[in-house]
Structure formats: C-alpha cells, structure tokens
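First comes the structure, then the notes that go with it.
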Amino acid sequence: DTGVSQNPRHKITKRGQNVTFRCDPISEHNRLYWYRQTLGQGPEFLTYFQNEAQLEKSRLLSDRFSAERPKGSFSTLEIQRTEQGDSAMYLCASSWWQSNEQFFGPGTRLTVL
Amino acid sequence: GNSVTQMEGPVTLSEEAFLTINCTYTATGYPSLFWYVQYPGEGLQLLLKATKADDKGSNKGFEATYRKETTSFHLEKGSVQVSDSAVYFCALSGVSGSRLTFGEGTQLTVNP
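Line by line, the protein sequences give chains A and B.
What the first sequence shows, in my numbering, is residues 28 to 140, in sequence order.
What the second sequence shows, in my numbering, is residues 166 to 277, in sequence order.
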C-alpha cells in the first residue's frame with residue numbers, strides 16, 4: 028500500500044536552527060498540501076501545489092517557511108531560524124486534481140527546544 | 166471566510182451507546198463536507214463525506230447528513246465500540262481540490 032509518506036516522523040531541534048521535512052504523495056496524485064496541527068487543535072492549511080506550481084499560501088506561512096515541489100512529485104517544507112512556537116505536527120496530504128478527497132500522511136512532529 | 170465549529174469534548178461513552186458529535190459550518194457557496202478520524206498514533210483518515218445538500222455520507226456504521234438549512238453535518242453512530250475511540254474532525258472544502266478547513270476536533274473515548 029503506497030500511501031502518503033513523511034520523513035522524518037519526529038524532529039527535535041534547538042531554537043534558531045533550520046529544519047526540512049519531506050513528503051512523498053500517492054504516486055498518481057498531482058495535488059499536494061501542507062497543514063500544521065498544534066496540540067488539541069484541528070489542522071490548519073499552510074500551502075498547496077498542483078504539480079510543481081505552488082498555487083496558494085496561507086498567512087500562517089511566514090517568510091521563515093518555504094515549500095517546494097521541484098518535479099511535481101515529492102515536496103519539502105523548510106523552516107528557517109526555528110522558534111518554540113513552530114513546535115507542532117506538520118501534515119502532508121495529496122489528492123487527484125478532480126477530487127475533493129485528500130489523503131493524509133502520518134505527519135512529522137517537530138519539537139523546538 | 167470558511168469556518169467549522171464542533172461540539173466541545175471530550176466525549177466519554179459506554180460501549181453500545183448512541184453517539185452524536187455536532188458540527189456546524191460557515192461558508193460561501195456550496196462546500197463539500199467531511200468527517201476525518203485520527204486514531205492514537207496514526208494519521209488522519211477520511212471517514213465519510215457529502216458533496217451536496219441532503220446527501221448522507223456513511224461508513225463503518227457512522228452517518229452524517231448535509232443540512233444546508235441548518236448549516237450542519239452532525240456525525241452519528243447507533244452503537245459505538247471501544248475501537249471507535251479516537252479524535253473526530255469535521256471539515257469542509259470550498260471547491261474541488263481546495264484547502265480543507267477543520268474544526269477543533271472531538272476526542273471520543275468508549276469504555277467497555
């Protein structure tokens with residue numbers, strides 16, 4: 028079963044360091060989404076791609092955050108100069124462009140000390 | 166903007182009890198509505214969906230009906246099991262392929 032995969036599953040870093048997460052979507056899906064989930068809250072949208080084009084970014088995505096999907100397959104989310112407030116679960120999802128069903132990966136849990 | 170409001174949790178039930186988790190939404194146009202479930206230590210899984218008014222989504226004994234007049238999409242199950250213990254999220258999307266807007270989630274615990 029080739030679902031959405033995310034790596035790493037857990038990341039602990041010190042404040043001020045840069046971190047990068049990877050998401051591999053379901054192979055035939057051309058839309059890829061990033062969400063952030065803090066404890067006790069629902070996921071919040073960050074950004075999404077159709078193929079390699081980044082089509083929408085949330086106001087939550089400050090200039091310290093950058094996402095790429097260079098060849099329209101896997102995606103990376105980088106956070107520069109991490110802050111304690113960045114501690115959260117980062118979720119990736121993918122879908123076929125004609126569908127409104129999004130399939131989620133297991134998430135990457137980031138802890139900033 | 167779009168928003169989703171879920172009933173406050175946590176909810177604790179005994180096995181075989183009836184479950185209702187309330188969800189109301191605010192959106193322009195005709196959103197699609199979803200319930201996602203998150204089991205302990207796992208990712209979000211789509212439980213059911215409805216794409217237009219009066220549609221009923223159903224899966225694994227759970228049901229929810231898209232009520233445009235009351236802007237609601239309440240989740241129900243007639244007889245819960247211990248294995249249903251999880252966090253349930255109501256969500257909407259405005260147009261096909263757009264972002265999902267989630268509610269805060271409702272923690273359900275079912276005791277034997």
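For glycine and all other residues, C-beta sits at the position ideal for the given N, C-alpha and C.
Would you mind sorting Gly-222/B into buried or exposed? The rule is 16 or more other CB atoms within 10 Å of its CB.
Buried, because 16 or more other Cβ atoms sit within 10 Å of the Cβ of Gly-222/B.
In the DSSP assignment, find the beta strand (DSSP E) that holds Gln-81/A and state where it starts and stops.
Element bounds for Gln-81/A: 80 to 84.
I need the straight-line Cα distance from Thr-167/A to Thr-189/B, nearest angstrom please.
This structure cannot speak to residue 167/A, because chain A is shown only from 28 to 140.
Just checking my contact of Val-169/B with Gly-268/B at CB under 8 Å: how many whole Å lie between their CB atoms?
Sure, about 4 Å apart at Cβ, within 8 Å.
Contact criterion: CB-CB distance below 9 Å. Does Leu-265/B meet it with respect to chain A?
Closer than 9 Å: yes.
At which residues does the beta strand (DSSP E) containing Arg-108/A begin and terminate?
Arg-108/A -> no beta strand (DSSP E), and no H or E assigned at all.
Sort Trp-61/A, Gln-44/A and Lys-41/A by Cα distance to Val-31/A and report the nearest one.
For the residues Trp-61/A, Gln-44/A and Lys-41/A, the minimum Cα distance to Val-31/A belongs to Trp-61/A.
With distances taken between CB atoms, is the gap from Leu-140/A to Thr-40/A smaller than 9 Å?
Yes; because the gap between Cβ atoms is below 9 Å, this pair is in contact.
Report yes or no: is there a C-beta of chain B within less than 9 Å of the C-beta of Leu-104/A?
False, the Cβ-Cβ gap to chain B never drops below 9 Å.
Are the C-beta of Phe-183/B and some C-beta of chain A separated by less than 9 Å?
By this cut-off, Phe-183/B is not an interface position.
Taking a contact to mean a Cβ-Cβ separation below 9 Å, would you say Arg-96/A touches Phe-76/A in this structure?
The answer is yes: Cβ separation under 9 Å.
For Glu-71/A, would you say it is in contact with chain B, using Cβ-to-Cβ distances shorter than 9 Å as the test?
Chain B contact via Cβ: present.
Helix, strand or coil for Val-31/A per DSSP?
Three-state result, Val-31/A: coil.
By Cβ distance, which residues of its chain are closer than 6 Å to Glu-181/B, with the 5 residues on each side in sequence left out?
If we look at Glu-181/B and ignore the five residues flanking it on each side, its Cβ neighbours are Ser-244.
Is it buried or exposed, Pro-277/B, if we count other Cβ atoms within 10 angstroms and call 16 or more buried?
Per the 10 Å Cβ criterion, exposed.
Whether or not the stretch 127 to 134 of chain A and the stretch 83 to 93 of chain A are in contact is what I'm after, with contact meaning three or more pairs of Cβ atoms, one per stretch, closer than 8 Å; do they touch?
No, because fewer than three Cβ pairs between the stretch 83 to 93 of chain A and the stretch 127 to 134 of chain A fall closer than 8 Å, the two stretches do not touch.
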